[in-house]
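**Student:**
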Amino acid sequence: MEHRLAHDIPDGDILLHAGDITRNGLPRDLEALDRFFESLPHKHKIFTPGNHDWCFEKNPERAAAMVPHATCLIDQSVKVAGIRIWGSPWQPEYHDWAFNLPRGQALAEKWALIPEHTDIVITHGPVRGIRDLCSHGGHEGCDDLRDRLQEVKPRLHVCGHIHEAYGVEKVGETTYINASICDQGYKPSRAPLVFDW
Numbered sequence: 116m117e118h119r120l121a122h123d124i125p126d127g128d129i130l131l132h133a134g135d136i137t138r139n140g141l142p143r144d145l146e147a148l149d150r151f152f153e154s155l156p157h158k159h160k161i162f163t164p165g166n167h168d169w170c171f172e173k174n175p176e177r178a179a180a181m182v183p184h185a186t187c188l189i190d191q192s193v194k195v196a197g198i199r200i201w202g203s204p205w206q207p208e209y210h211d212w213a214f215n216l217p218r219g220q221a222l223a224e225k226w227a228l229i230p231e232h233t234d235i236v237i238t239h240g241p242v243r244g245i246r247d248l249c250s251h252g253g254h255e256g257c258d259d260l261r262d263r264l265q266e267v268k269p270r271l272h273v274c275g276h277i278h279e280a281y282g283v284e285k286v287g288e289t290t291y292i293n294a295s296i297c298d299q300g301y302k303p304s305r306a307p308l309v310f311d312w
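FYI, my numbering numbers position 27 of the sequence shown as 142, with every residue one higher than the one before it.
1) Tell me which residues share the same chain as Lys225 and place their Cβ nearer than 8 Å to its Cβ, disregarding the 5 neighbours each side in the sequence.
2) Kindly identify the DSSP beta-bridge partner or partners of Lys285.
3) For Asp128, which residues from the same chain have a beta carbon less than 7 Å from its beta carbon, with the 5 sequence-adjacent residues on both sides left out?
4) With a cut-off of 8 Å, do at least 3 Cβ pairs link the stretch 227–235 to the stretch 169–182?
5) Can you tell me where the beta strand (DSSP E) holding Arg199 begins and where it ends?
6) Closer than 8 Å by C-beta to Gln265: which residues in its own chain qualify, once you throw out the five before and the five after it? Chain order, please.
7) Within 10 angstroms of its Cβ, does Leu148 collect 16 or more other Cβ (buried), or is it exposed?
8) Closer than 8 Å by C-beta to Asn139: which residues in its own chain qualify, once you throw out the five before and the five after it? Chain order, please.
9) What is the DSSP secondary structure of Lys194, counted as helix, strand or coil?
10) Roughly how many angstroms separate the alpha carbons of Gly240 and His251, rounded to a whole number?
11) With a CB to CB cut of under 6 Å and the five nearest residues on each side skipped, what residues in its chain are close to Phe171?
12) Compute the Euclidean distance between the alpha carbons of Pro269 and Asp144, then round it to the nearest angstrom.
13) Let me know the secondary structure DSSP gives His159 once reduced to three states.
14) Tell me Thr233's beta-bridge partners as DSSP assigns them.
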């Protein structure tokens, strides 16, 4: 799978990717992914996997090692340019994809790992009620993630997963970005979003 976009990726200091970085999660896709990251001018490239990225769920250390030109976060933090960033691939059970957990305690335990004083949170799935409306009319986001982010109050939350909910919304102190550049047909038809710190 080659990583091509309908739009140029804007230059910047930090590139954030919220998952579904492979189509079917095959290890062979990671070579193309790494070439893509290597080709970008950003000093820091940070991502968390998504529900398509099976290779990261099955063997996270091996998969991350195959993408040396970016930092993979799976329930981890990194600090770059003085900014504290935490990433996680989990979302409420959604069909039989990767990184699924049942709603309730299992997800709440993952979100409890988000450190206080985190500046940016990257998750594959959205919070419930913000940039999570599906074409069938239902909200697919996570209540427990919403509750945790209300406690942590990051300046920015970046997600993907719900392709039709692409866009930006500010609620309280946090700007929520659903950065799903692919439409429901998996075509990269939307422009990457830029956040000025």
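The beta carbon of each residue, even a glycine, is placed where N, CA and C say it ideally should be.
This structure is a prediction, so every number in the text was calculated from the model and none was measured.
**Tutor:** In short:
1) As a first step, residue 225 is located in the sequence shown; it is residue number 110 there, counting from the start. Asp190, Ser203, Trp205, Leu216, listed in sequence order.
2) Looking up residue 285 in the sequence shown gives position 170. Per DSSP, Thr290.
3) In the sequence shown, counting from the first residue as 1, residue 128 sits at position 13. Excluding positions up to five away in sequence, the list reads His157, Lys158, His159, Ala196.
4) Under the three-pair Cβ rule at 8 Å, the stretch 227–235 does not count as touching the stretch 169–182.
5) Position 84 of the sequence shown, counting from 1, holds the residue named residue 199. 198–203 is the span of the beta strand (DSSP E), which, as asked, contains Arg199.
6) Within the sequence shown, residue 265 is the residue found at index 150, counting from 1. Closer than 8 Å at the Cβ level, and outside the excluded window around Gln265, lie Gly287.
7) Looking up residue 148 in the sequence shown gives position 33. With 16 or more Cβ atoms within 10 Å of its Cβ, Leu148 is classed as buried.
8) Reading the sequence shown from its first residue, position 24 is the one you call residue 139. Within the same chain, Asn139 has close Cβ partners His167, Trp169.
9) Sequence index remark: in the sequence shown, residue 194 carries index 79 (1-based). Of the three classes helix, strand and coil, the one that applies to Lys194 here is strand, per DSSP.
10) Walking along the sequence shown from the start, residue 240 turns up at place 125. Walking along the sequence shown from the start, residue 251 turns up at place 136. Spanning the two alpha carbons is a distance of roughly 17 Å.
11) Your numbering for residue 171 matches position 56 in the sequence shown. Contacts found: Pro164, Ala178.
12) Position 154 of the sequence shown, counted from the first residue, corresponds to residue 269. Position 29 of the sequence shown, counted from the first residue, corresponds to residue 144. So the alpha carbons of these two residues sit roughly 32 Å apart.
13) Taking the sequence shown and counting its residues from 1, one reaches residue 159 at position 44. If DSSP states are grouped into helix, strand and coil, His159 belongs with the strands.
14) Position 118 of the sequence shown holds residue 233. DSSP lists no partner for Thr233.
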